[in-house]
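Numbering (our numbering), first residue to last: 35 to 332. Inspection log for the structure reproduced underneath, given as structure tokens.
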Amino acid sequence: MKRTLVVIVGPTGSGKTGLSVEVARHFGAPIVSADSRQFYRGMAIGTAQPVPEQLSAVPHHFIASREITDEYSCGRYETDALALLDELFRTHQVVVAVGGSGLYVDALCHGMDTLPDADLLLRAQLSARSLDELLTELERLDPECFAKIDHQNPQRIIRALEVCLQTGRPYSEFRTGRTHARTFRIIKVGTHLPREELYARIDRRVDEMIAAGLEAEARALYPHRALNSLQTVGYRELFDYFDGHTTRYEAIGFIKRNSRRYAKRQVTWFGRDARIAWFDPADTVGVTGYIEEQLARK
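What follows is the structure, encoded as structure tokens:
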């Protein structure tokens with residue numbers, strides 16, 4: 035059997051983690067995270083990291099493996115993940131990767147385009163500007179990138195502006211879409227739910243996070259709120275509440291709203307990939323059967 039990476043993707047709250055554990059157990063495979071926020075320690079609740087029972091059921095990699103102060107890019111992740119896969123494939127024919135961060139999934143499966151090194155002084159200058167100012171500048175310099183980029187992700191917006199300002203060329207010109215060769219086969223599976231059900235699950239999960247202690251987790255992280263690792267849904271809204279800009283009730287509502295908006299963007303992103311086979315997250319039998327069919331092909 036060829037060395038195979040099974041990649042499980044889908045929007046936030048759609049059941050990827052639970053499905054990945056069941057698939058990994060079925061094939062005796064380890065799990066590699068491709069979620070750009072689950073890499074960090076101290077963010078277990080807000081990033082919906084696997085719970086202890088899931089972590090003990092199957093070996094997981096890249097979960098709570100970095101400090102929140104670490105700068106960690108898609109390019110660095112690609113290098114680290116490929117090195118890890120080389121090691122894991124020595125003892126496993128199948129490895130499972132799971133995540134909803136489209137850029138990181140693409141980096142793992144297809145590789146990153148070559149971009150200029152970061153200019154730390156320029157990055158510091160851009161980081162001092164408001165999100166609205168950054169978006170206005172990006173729209174002026176690269177309308178194509180502005181139309182596609184996640185408007186709630188300052189880290190990616192700043193990186194795009196860095197490239198524009200360093201090179202005098204639009205960031206979108208560097209996104210060639212060329213696929214880099216991989217030494218393993220890739221099978222992609224996606225978790226799909228009707229929109230109303232997905233949104234209801236997201237709202238329930240936010241309530242469960244609050245009950246599990248998300249507010250206390252965010253308060254512990256609050257002194258570091260300017261870090262890139264914390265520019266994510268769930269923390270930003272609570273930081274605004276701590277700063278007195280909103281009420282607690284409003285902050286929870288904004289987390290739900292922004293999580294739903296993020297899920298919608300994820301659905302659009304992954305929906306462009308015709309290689310993804312979509313399943314209900316509860317259909318473990320259907321998913322494992324599909325993977326076995328693909329594995330049987332030469």
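From the three backbone atoms N, C-alpha and C, an ideal C-beta is built for every residue, glycine too. Everything numeric in this text was worked out from a predicted model, so none of it was measured.
- Message: Using a 10 Å radius around the Cβ and a threshold of 16 neighbouring Cβ atoms, would you call Tyr-269 buried or exposed?
- Response: The residue is buried, with at least 16 neighbouring Cβ atoms inside 10 Å.
- Go to Ala-131, then tell me how far its beta strand (DSSP E) extends in each direction, as first and last residue. From DSSP, the beta strand (DSSP E) with Ala-131 extends over 128–132.
- Query: Cβ of Val-43 within 8 Å of Cβ of Ile-325?
  - Reply: The answer is no: Cβ separation not under 8 Å.
- Which residues does DSSP pair with His-94 in a beta bridge? Residue pairing by DSSP puts His-94 in a beta bridge opposite Ile-65.
- Message: Within the continuous beta strand (DSSP E) that includes Phe-123, where are the two ends?
- Response: Phe-123 -> no beta strand (DSSP E), and no H or E assigned at all.
- Please state whether DSSP places Lys-50 in a helix, a strand or coil. Reduced to three states, the DSSP call for Lys-50 is helix.
- Message: Can you tell me whether Ala-141 is buried or exposed? The criterion is at least 16 other CB atoms within 10 Å of its CB, across all chains shown.
- Response: Flag for Ala-141 reads buried.
- Item | The alpha helix (DSSP H) enclosing Gly-224, as first and last residue numbers | Note, Gly-224: premise wrong, no alpha helix (DSSP H); beta strand (DSSP E) at 219–225.
- When Pro-45, Thr-38, Val-40 are compared against Val-301, the one with the closest alpha-carbon: Selected option, being the one with the closest Cα: Pro-45.
- Task: Locate the beta strand (DSSP E) running through Ala-330, then write down its first and last residues.
- Result: Note, Ala-330: premise wrong, no beta strand (DSSP E); alpha helix (DSSP H) at 318–330.
- Message: Are the CB atoms of Gln-83 and Ala-68 within a distance shorter than 8 Å?
- Response: No.
- Task: Could you tell me the distance, in whole angstroms, from the CA atom of Leu-1 to the CA atom of Ser-293?
- Result: Given that the chain is displayed from residue 35 to residue 332, the structure contains no residue 1 and the question cannot be resolved.
- Do you know how far the Cα of Val-129 is from the Cα of Ile-65? Their backbone Cα atoms lie some 6 Å apart in a straight line.
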